[in-house]
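Have a look at the structure below before the remarks.
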Amino acid sequence: GTRTRTRTRIGGTRTRTRIGGTRTRTRIVGTRTHTRTRIGGTRTRTRIVALQREQFMQSSILNNTCIRNAVINTEINAVTTRAQAKLQVQPPSSTANTSSTSTTSQSTCSASPTANQLYDFSLARIRSEQAHDATIQQIIQQIRNNRRYESFILQAGILYKLVGRDDTTLKLVYAPSKLIPELMAAYHDHPLSGHFGIGRTWSTLRNTYYWPRMKDTIISYIKSCKKCSQFNVDRNKPPGFLQPIQPPNDVFQILGMDWWGQPPPRFLEIVMF
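In this note's numbering, the protein residues as written are 285 to 557.
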């Protein structure tokens, strides 16, 4: 009649309850929950999955490939299999293997300096870099001397550029000259940025930052990118060769004719002279 069995192991908890012809099975592994209910010949299965998701913030960009891979591996290994559970129980075979594995992972993660570098675009960093920028400090001093600038505003010691777009006014951070190479590397070279083209990179940066001749800087930076020139495929058709026709000497010397194929039977052919 009634049978209850509870099994607990590393990698998850499994509970089975059977009452007559009704069978209920609940399994919790990692962040995945399976619930099965069987009544006679009818079987119902409910599955709830709650996996971690990677978040990308503009204010603090995640520029570490090792951390990104760890997040992805957490999603993949959210469900622990029996083989993985056994490996988790077994102690490491030797310290040498662990040290060699860690050395290999460190060397792999340190292969790309751009992927390992963490960029700091916080307001405190921007305020500090603006304090060492001569052009920005000149504008700030003129604003503090009661000189009115309609396109600049100073808030909390940070200089902003006011730009009007689509009947709205955007407040853009005036990027110091020292931060421009870091911004270009973060918004173009980093794996999360995807080495986008000129238009997409410019449209992303122009909504948050400002510096003089921004588009020219983006164009020259992307055109000098070695990976873009090596791996980006030209999707435009190559231009053809122009073959001009010599002008005729007399009338009706050159005739042009347009050909039109046989129409389908359900259409009426009309010829006009």
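Glycine included, C-beta positions come from ideal geometry on N, C-alpha and C.
Since this is a predicted model, take the numbers as computed values, not measurements.
In terms of residues, what are the limits of the alpha helix (DSSP H) holding residue i?
i: residue 407; result: 407-414
i: residue 482; result: 482-489
i: residue 467; result: 464-468
i: residue 558; result: The structure shown does not extend to residue 558, since the chain spans only 285 to 557, so no value can be given for it.
i: residue 501; result: 498-507
i: residue 511; result: 510-515
i: residue 492; result: Residue 492 -> no alpha helix (DSSP H), and no H or E assigned at all.
i: residue 425; result: 418-428
From the options, pick the residue whose C-alpha is nearest to that of residue i; which is it?
i: residue 578; options: 541, 409, 526 and 534; result: No answer is possible for residue 578: the residues shown for the chain start at 285 and end at 557.
i: residue 496; options: 516, 447, 426 and 429; result: 447
i: residue 517; options: 434, 480 and 538; result: 480
i: residue 440; options: 428, 514, 504 and 502; result: 428
i: residue 500; options: 482, 509 and 512; result: 482
i: residue 511; options: 404, 475 and 539; result: 475
How would you write the range of the beta strand (DSSP E) that residue i sits in, first residue to last?
i: residue 439; result: 436-439
i: residue 442; result: 442-449
Evaluate residue i with the Cβ neighbour count: other Cβ atoms within 10 Å of its Cβ, from every protein chain shown; 16 or more gives buried, anything less gives exposed.
i: residue 414; result: buried
i: residue 527; result: exposed
i: residue 477; result: buried
i: residue 433; result: exposed
i: residue 473; result: buried
i: residue 443; result: buried
i: residue 445; result: buried
i: residue 423; result: buried
i: residue 520; result: exposed
Residues in the same chain with beta-carbon distance under 7 Å from residue i, minus the five sequence neighbours each way, listed in chain order, please.
i: residue 493; result: 456, 457, 459 and 467
Could you name the residues of the same chain whose beta carbon sits closer than 8 Å to that of residue i, not counting the 5 residues immediately before and after it, in chain order?
i: residue 498; result: 486, 489 and 490
i: residue 505; result: 468 and 472
i: residue 509; result: 472, 473 and 479
i: residue 532; result: 538
Take residue i and list the residues in its own chain whose beta-carbon comes closer than 6 Å to its own, dropping the five residues that flank it on each side.
i: residue 411; result: 441 and 442
ask   = Is there contact between the stretch 460-470 and the stretch 410-423, where contact requires at least three CB pairs shorter than 8 Å?
value = yes
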